[in-house]
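First residue of the sequence shown? That's 4 in this note's numbering, and the numbers climb one at a time after it.
Read through the structure below, which is laid out as structure tokens, and then see the notes.
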Amino acid sequence: MSKRELKKDHLLDAGLQVMATRGYNGTSIKDIVDAADVPKGSFYTYFKSKEDFAVEALEKVTEERIQHNRHLLGNRSIPPLERLNRFFIDNIGECDQGIKGGCFIGNMCQEMSDSSEVIRLKVRQMLRNNTQAIEDVLEEARLDGSLNSPIASAVLAEFLFNAWEGTLMRMKASKCREPMNAFLMLLPEILGKRA
């Protein structure tokens, strides 16, 4: 990474921490540069606006998640339904942190979908990518005979991912793990694999 890219990455990381906690509307450019400990002019060297910053922050979070998900869901030495189960279980650590601030992508979706078409489309694309990754694993499980559900993999993936996102929202609202425990308890039943 060049020195310029490192500075931009530092600004993104610091600003992301603030925006993930305070939300888009609760975060000013001053908050972002203060968190990064850089002059305000530095912000405009890398970003045209706060909206531009938010889109790049979403892209950064998405890239990190894609890499993480690829590791969890792409390991074909593990049976597909076990990989899917591990995907949700392994993400509990991030979700426990989310009890305080929530999922950055989900928060941006809830806060900005009505006011920023650019952010809405970026979040929509990212959510669709996650759903597609789950669908791919379900289809693999169907092919190896471990998933016998009459529900199409696309519909089942959509349901699971929506249930997961709802779980995260409920964890944030209730400040507890009960929604996560309920999700994980029902997951084997939904997948037709009794615990």
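We put the CB at the ideal spot given by N, CA and C, even for glycine.
Just so we're clear, the structure is a prediction, and the values are computed from it rather than from any experiment.
- Within the stretch 126 to 195, the complete alpha helix (DSSP H) runs of at least 4 residues fall at 156 to 177, 181 to 193.
- For the alpha helix (DSSP H) assignment, the uninterrupted runs of no fewer than 4 residues enclosed by the stretch 44 to 123 are, from N- to C-terminal side, 53 to 76, 83 to 93, 95 to 104, 107 to 115.
- Across the set Ala160, Gln135, Met183, Val21, the C-alpha of Gln135 shows the shortest separation from the C-alpha of Ile69.
- Taking 8 Å as the cut-off, the Cβ atoms of Ala166 and Glu138 do not count as close.
- By the C-beta density criterion, Ala176 is exposed, having fewer than 16 other C-beta atoms within 10 angstroms.
- Assigned with DSSP and collapsed to three states, Asp40 falls in coil, not helix or strand.
- Val64 and Ile108 have their C-alpha atoms some 8 Å from each other.
- Between Lys6 and Leu61, the C-beta spacing is not below 8 Å.
- A Cβ-Cβ contact shorter than 8 Å links Val41 with Leu14.
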